[in-house]
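K.L.:
Plus 192 on top of the position in the sequence shown (first one is 1) and you've got our numbering.
We treat Cβ as the ideally placed atom computed from N, Cα and C, and that holds for glycine.
Note that the structure is a prediction, hence the values are computed from the model and not measured.
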Amino acid sequence: MHAAMLAYTVNTSLQVASEDVRKMAETKIPSVETFSPCFDSFDFPPRTIPDSQTVMSCLSMFEDLGFVSRWRIKIETLVRFLLMVKKGYRNPPYHNWMHAYAVTHFCYLLIKNLHLHNYLEDIELLALFVSCLCHDIDHRGTTNSFQVQSQSVLAALYSSEGSVM
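Here it is in structure tokens:
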């Protein structure tokens, strides 16, 4: 089963080029308004942000929400993490990087506009935000039912009593 699971995972390496990390980390993090004056509005469609700017706008959201300073996150570490997360997404029609980006942007809107800091601890806000980024990494674009019917490795792994699969 272990070998089958390894074969099932992303075939590409999740390494990101150090040069890409360095270039982005050396760039001043722009304010969210740089991407759109209404970036922090529920009316803003996040899919209008070009793919090439999504990681930088994620950095801007981390900064705007105060996560970088509160948790003393090194920019280089955050850049590497974001680039690795983006690379971890496949490109099915829906459960892809742009979907994760849109979900993350919605989470940003909730935290910022609904003042969730009044209801959740700082660590809970960070966990919520990061989980939105990562929630569909390596998604194949198929349903649980398909996995079970095709007797896939994932179905075998998660087919125990009470499993969502």
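Is it true that the CB of A292 sits closer than 8 Å to the CB of D328?
P.N.:
yes
K.L.:
Whose CA, out of I303, R332 and D314, lies closest to the CA of P284?
P.N.:
R332
K.L.:
Would you grab the beta carbon distance between V213 and E268 for me? Rounded to a whole angstrom, and I think it's under 8 Å.
P.N.:
6 Å
K.L.:
For A347 and T335, I'd like the C-alpha separation in whole angstroms.
P.N.:
Distance between the alpha carbons of A347 and T335 is about 11 Å.
K.L.:
Restricting to Cα atoms, I'd like to know which of K220, F227 and D232 is closest to K304.
P.N.:
D232
K.L.:
Just the Cα atoms here: how many angstroms apart are C324 and L317?
P.N.:
11 Å
K.L.:
Suppose contacts are defined by Cβ-Cβ distances below 8 Å. Is M276 in contact with M248 by that definition?
P.N.:
no
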